[in-house]
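Structure, as structure tokens:
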Amino acid sequence: GAVVSQHPSRVICKSGTSVKIECRSLDFQATTMFWYRQFPKQSLMLMATSNEGSKATYEQGVEKDKFLINHASLTLSTLTVTSAHPEDSSFYICSASASGGIIGADTQYFGPGTRLTVL
Amino acid sequence: QKEVEQNSGPLSVPEGAIASLNCTYSDRVSQSFFWYRQYSGKSPELIMSIYSNGDKEDGRFTAQLNKASQYVSLLIRDSQPSDSATYLCAVNMNSGGSNYKLTFGKGTLLTVNP
Chain V
49 GAVVSQHPSR VICKSGTSVK IECRSLDFQA TTMFWYRQFP KQSLMLMATS
99 NEGSKATYEQ GVEKDKFLIN HASLTLSTLT VTSAHPEDSS FYICSASASG
149 GIIGADTQYF GPGTRLTVL
Chain E
12 QKEVEQNSGP LSVPEGAIAS LNCTYSDRVS QSFFWYRQYS GKSPELIMSI
62 YSNGDKEDGR FTAQLNKASQ YVSLLIRDSQ PSDSATYLCA VNMNSGGSNY
112 KLTFGKGTLL TVNP
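Structure below.
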């Protein structure tokens, strides 16, 4: 159980284009989904937290107009990187939690990640 | 600043030995603690969660939590070369209201030598 999928797994795009990444919880309802970014040999960096039906909460330094997050249902969240540039090339990973904070149900399950390369 | 500290390693152990991974955290009121394993180029995979003081065992893995010392550890018994990965300690911390987020350590790179 607790499987999270991401699509696509890898994407290469030209500078200036937009890229949409989907994150789905396959066997549970995800009250909260999280989007992370990881640069080579660095730790995970939380970009934003999204609760179903609400606007995402972005971490300091993350541009909300550049990284559009939609959490339209309890099983789907999308991240759109708008007007991507080479410096946006990174490993984007989503995670899903069945609960926003109830102890014992707050485990985050990670998707397999999306490797974005912007030329 | 709420932090999670781990020794970055690398930690190198021979096959069959016990690997001991340690983590300390700064937020005294934290209640949820997790260990994730991340292979190079892959996303994190949950190994263990622990919420209460003491030990929690799952197969070859044992998580230990001491809230008074703000310390959590992971022991891997009978280490195998396939255990070679980066191990991430994560602490679920309140970020305001009813919102929680995981704060990760930088990870400890474990190498198990055949």
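First to last, the sequence lines map onto chains V and E. If you want this note's numbering, it's the 1-based position in the first sequence plus 48. If you want this note's numbering, it's the 1-based position in the second sequence plus 11. Idealized CB from N, CA, C, for every residue including glycine.
Beta carbon proximity, residue i to chain E, threshold 7 Å
i: PHE115 of chain V; result: no
i: ASP154 of chain V; result: yes
i: ILE141 of chain V; result: yes
i: PHE48 of chain V; result: Since the first residue shown for chain V is 49 and the last is 167, residue 48 of chain V is missing from the structure and cannot be characterised.
i: PHE158 of chain V; result: yes
i: GLY161 of chain V; result: yes
i: SER137 of chain V; result: no
i: LEU164 of chain V; result: no
i: LEU124 of chain V; result: no
i: LEU167 of chain V; result: no
i: LEU74 of chain V; result: no
i: LEU94 of chain V; result: yes
Chain V contact for residue i (CB, 7 Å cutoff)
i: SER43 of chain E; result: yes
i: LYS117 of chain E; result: yes
i: SER54 of chain E; result: yes
i: ASN124 of chain E; result: no
i: SER19 of chain E; result: no
i: LYS78 of chain E; result: no
i: LYS112 of chain E; result: yes
7 Å Cβ cutoff met for residue i and residue j
i: SER140 of chain V; j: THR162 of chain V; result: Per the sequence shown, residue 140 of chain V should be read as Tyr rather than Ser. Cβ atoms of TYR140 of chain V and THR162 of chain V: closer than 7 Å.
i: THR80 of chain V; j: SER145 of chain V; result: yes
i: THR128 of chain V; j: SER53 of chain V; result: no
i: LEU32 of chain E; j: THR119 of chain E; result: yes
i: VAL166 of chain V; j: SER57 of chain V; result: no
i: ILE61 of chain E; j: LEU85 of chain E; result: no
i: PHE44 of chain E; j: LEU92 of chain V; result: no
i: ASP69 of chain E; j: MET59 of chain E; result: yes
i: SER125 of chain V; j: SER147 of chain V; result: no
i: LEU94 of chain V; j: TYR84 of chain V; result: yes
According to DSSP, residues forming a beta bridge with residue i
i: PRO25 of chain E; result: E:ASN124
i: ARG163 of chain V; result: V:ARG58 and V:PHE139
i: GLY52 of chain E; result: DSSP output for GLY52 of chain E lists no bridge partner at all.
i: GLN17 of chain E; result: E:CYS34
i: THR128 of chain V; result: V:LYS68 and V:LEU116
i: SER162 of chain E; result: Here chain E covers residues 12 to 125 and nothing more, so residue 162 of chain E does not appear.
i: PHE115 of chain E; result: E:ALA101
i: ARG85 of chain V; result: V:MET93 and V:TYR140
Status (buried if at least 16 other CB within 10 Å, exposed otherwise) for residue i
i: ASN124 of chain E; result: exposed
i: VAL30 of chain E; result: Per the sequence presented here, residue 30 of chain E reads as Ala, with Val not at that position. Buried is the call here.
i: GLY108 of chain E; result: exposed
i: ASN103 of chain E; result: buried
i: GLY159 of chain V; result: buried
i: LYS103 of chain V; result: exposed
i: TYR50 of chain E; result: exposed
i: ILE60 of chain V; result: exposed
i: PHE87 of chain V; result: exposed
i: LYS89 of chain V; result: exposed
i: SER90 of chain E; result: buried
i: ALA78 of chain V; result: buried
i: LYS13 of chain E; result: exposed
i: SER95 of chain E; result: buried
Closer than 8 Å at the beta carbon, the chain C residues around residue i
i: SER91 of chain V; result: Among the chains of the structure shown, chain C does not appear; the protein chains present are V and E.
**Request:** Decide if the stretch 15 to 28 of chain E is in contact with the stretch 116 to 128 of chain V; the criterion is three or more beta carbon pairs, one per stretch, under 8 Å apart.
**Result:** no
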